[in-house]
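In terms of numbering that gives the first Met the number 0, the sequence shown opens at residue 0 and continues consecutively. Think of the CB as a built atom: it goes at the ideal place given N, C-alpha and C, for glycine as much as any other residue. Predicted, not measured: the structure shown is a model, and the values here were computed from it. To start, the structure under review is shown below, and the notes come after it.
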Amino acid sequence: MAVWEGKKYKLDKSENFDEYMKELGVGMVLRKMGNSISPTVELKKDGDTYTFITSSTFKTSTITFKLGEEFEEETLDGRKVKSVITLDGNKLVQEQKGDKPSTIIREFSDNELVTTLTLNNIKCVRVYKAV
């Protein structure tokens, strides 16, 4: 059983998220909202299909994917991108392609999820605790 199975993780701390959103071109109002919410995330697996759910009082986002297969995604800030996600141990590595390509690495452990978002020279780290 994978370390993340059956768990939900709630945002505990965030570093450089505003700078990351600015680099993406997210407007000030949406950035303020993004910085004020503490989303809960959950990863589910059914056969070879994964579903990653991000939920908050503001918005819920669900992406469904198979490892190594490109899929279309609408990001929380409304961009349409193509993504490929691979699994490396307890890390999900997501490559988002589009006008502003970025990499999202989600590293799961028993009690936390560390998400590292990288765009150009901007790096954001968000730490979620198991709930």
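Presumed contact (8 Å Cβ cut-off) between residue i and residue j, rounded CB distance
{"i": "I52", "j": "L66", "result": "Not really, about 17 Å apart at Cβ, beyond 8 Å."}
{"i": "K12", "j": "V126", "result": "5 Å"}
Where residue i sits in the DSSP three-state scheme
{"i": "E68", "result": "coil"}
{"i": "V113", "result": "strand"}
{"i": "F57", "result": "coil"}
{"i": "R125", "result": "strand"}
{"i": "E18", "result": "helix"}
{"i": "V25", "result": "coil"}
{"i": "K7", "result": "strand"}
{"i": "S108", "result": "coil"}
Alpha carbon of residue i to alpha carbon of residue j, nearest angstrom
{"i": "E22", "j": "I121", "result": "7 Å"}
{"i": "F16", "j": "S37", "result": "12 Å"}
{"i": "N110", "j": "L75", "result": "25 Å"}
{"i": "T56", "j": "D87", "result": "31 Å"}
{"i": "R78", "j": "D45", "result": "27 Å"}
{"i": "F70", "j": "F64", "result": "7 Å"}
{"i": "G131", "j": "A1", "result": "Residue coverage of the chain in this structure runs from 0 to 130, which leaves residue 131 outside it and unanswerable."}
{"i": "G33", "j": "D47", "result": "31 Å"}
{"i": "N89", "j": "E106", "result": "6 Å"}
Per-residue burial, residue i [other beta carbons within 10 Å of its own, 16 or more giving buried]
{"i": "S101", "result": "buried"}
{"i": "S82", "result": "buried"}
{"i": "V40", "result": "buried"}
{"i": "G24", "result": "exposed"}
{"i": "E4", "result": "exposed"}
Min CB distance residue i to chain D below 7 Å
{"i": "Y127", "result": "In the displayed structure, chain D is absent; only one protein chain is listed."}
Checklist line | the segment 3-10 touching the segment 24-35, judged by at least three CB pairs closer than 8 Å | finding: no
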